[in-house]
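In my numbering, the protein residues as written are 24 to 220.
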């Protein structure tokens, strides 16, 4: 499988060095500000993952307000994630695309997590590319762990789709599109260790 690299602000992901990601899971702007200040003072993270699905209110104005707070409080790249219940999070599939677009509109993401299993994944990825934001195409299964061959095959399939979307986007994009220099994104899988499927 080819190595994919992506640039999120001043951090390169997918290279030879692992990146440390600190989660921000506040239910509102005040809690997010407190968590962000703790991360900023800790000096260990390369980027933060804003778990948008943990907000108690996911309306567009609240998302925009939280985005402003995060940009003010933390000087690290932000991976924005709206994890659905089906993938181990708190979000509803029905809200997924609207929330992703609100995050992009608020300029709250340097990377956007896109769940691989969702029907609207391609549209959301294209919206991210249009906003100049690379994608983290993710897949989760907390019930079992696939065998090595299946795991590699799934990652290759995900990588192939992501690169195909990116090439399609670039065919129609301006020569100076922001996302060109940052890359398509990365693939990520998470499985519960234990029984092999």
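Beta carbons are placed, not taken as given, at the ideal position from N, Cα and C, and that holds for glycine.
query: On the three-state DSSP scale, how would you describe residue 141?
result: Correct three-state label for residue 141: coil.
message: Quick check: what's the CA-CA separation for residue 129 versus residue 176?
response: If I take the Cα positions, the gap works out to 35 Å.
query: Span of the alpha helix (DSSP H) holding residue 86?
result: Following the DSSP letters along the chain, one finds residue 86 inside the alpha helix (DSSP H) bounded by residues 83-96.
C-alpha gap between residue 195 and residue 156, whole angstroms: Using only the alpha carbons, I get a separation of about 16 Å.
query: Rounded to the nearest angstrom, how far is the Cβ of residue 189 from that of residue 165, given a contact under 8 Å?
result: About 29 Å separates the two Cβ atoms, so there is no contact after all.
Run of the alpha helix (DSSP H) containing residue 208, from where it starts to where it stops: If you look at residue 208, you'll find it isn't in any alpha helix (DSSP H); it sits in the beta strand (DSSP E) that goes 208-214.
Supposed close pair residue 138, residue 107 - CB separation, criterion 8 Å: Confirmed, about 6 Å.
Separation of residue 142 from residue 50, as counted between CA atoms: Distance between the alpha carbons of residue 50 and residue 142 is about 27 Å.
query: With distances taken from CA atoms, which of 94, 89 and 105 is nearest residue 75?
result: For residue 75, the closest C-alpha among the options 94, 89 and 105 is that of 105.
- prompt: Going by C-alpha distance, which of 84, 81 and 47 is nearest residue 97?
  reply: Considering only alpha carbons, the answer is 47.
- prompt: Using CA coordinates, which residue listed in 122, 178 and 126 is at the minimum distance from residue 140?
  reply: Selected option, being the one with the closest Cα: 178.
task: Given a cut-off of 8 Å, decide if residue 45 and residue 29 are closer than it, judged by their beta-carbon atoms.
output: In this structure, residue 29 sits away from residue 45, with a CB-CB distance that is not shorter than 8 Å.
message: Nearest by alpha-carbon distance to residue 43: which of 102, 215, 79 and 114 is it?
response: Closest by alpha carbon: 102.
query: Quick one: what's got a C-beta closer than 7 Å to residue 144's C-beta in the same chain, skipping five residues either side?
result: Only 137 and 138 meet the Cβ criterion.
query: Which word fits residue 82, buried or exposed, when buried means at least 16 other C-beta atoms lie within 10 angstroms of its C-beta?
result: So residue 82 counts as exposed.
- prompt: Measuring CB to CB, does residue 67 end up less than 8 Å from residue 209?
  reply: Going by C-beta atoms, residue 67 is not nearer than 8 Å to residue 209.
field: residue 93 beta carbon less than 8 Å from that of residue 131
entry: With contacts defined by Cβ atoms closer than 8 Å, residue 131 and residue 93 form a contacting pair.
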